[in-house]
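Asks:
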Amino acid sequence: MAVLECQQGRLWLTQQDLLKDQFAEAGQRLYCPGPARLYLGAQGNAPALVRWVLLPRGSHAPA
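Following my numbering, the numbering of the sequence shown begins with 127 at its first residue and continues without gaps.
Following this line, the structure appears as structure tokens:
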């Protein structure tokens, strides 16, 4: 599992084969449960700063 932490700006994320896009503001996280092709970018005119964190095998997103 991996986590995208939006540290600045507004992040847009879409995952191949999923119909619903995801968005995160500064301070929010998006969880990616498994292997996937991701497309992401900054939403709007301001840049976004993102941190990619790989979690240990067997980790789960908080409920």
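Heads up, the beta-carbon is just placed ideally off N, CA and C, and yes, glycines get one too.
Under 9 Å between the Cβ atoms of L139 and L164?
Replies: Stepping through the sequence shown from its first residue, residue 139 is reached at position 13. Stepping through the sequence shown from its first residue, residue 164 is reached at position 38. Going by C-beta atoms, L139 is nearer than 9 Å to L164.
Asks: Helix or strand or just coil, what does DSSP make of G167?
Replies: The residue given as residue 167 occupies position 41 in the sequence shown. Strand at G167.
Asks: Measure the C-alpha to C-alpha separation of A174 and V129 and round it to an integer number of angstroms.
Replies: Working through the sequence shown from its first residue, we reach residue 174 at position 48. Working through the sequence shown from its first residue, we reach residue 129 at position 3. Cα-Cα distance, rounded: 15 Å.
Asks: Suppose you measure from the CA of R183 to the CA of P159; what does that come to, to the nearest Å?
Replies: If you number the sequence shown from 1, residue 183 lands on position 57. If you number the sequence shown from 1, residue 159 lands on position 33. The straight-line gap from Cα to Cα measures roughly 10 Å.
Asks: In three-state DSSP terms, what is L145?
Replies: Residue mapping note: residue 145 aligns to position 19 of the sequence shown, counting from 1. Coil at L145, not helix or strand.
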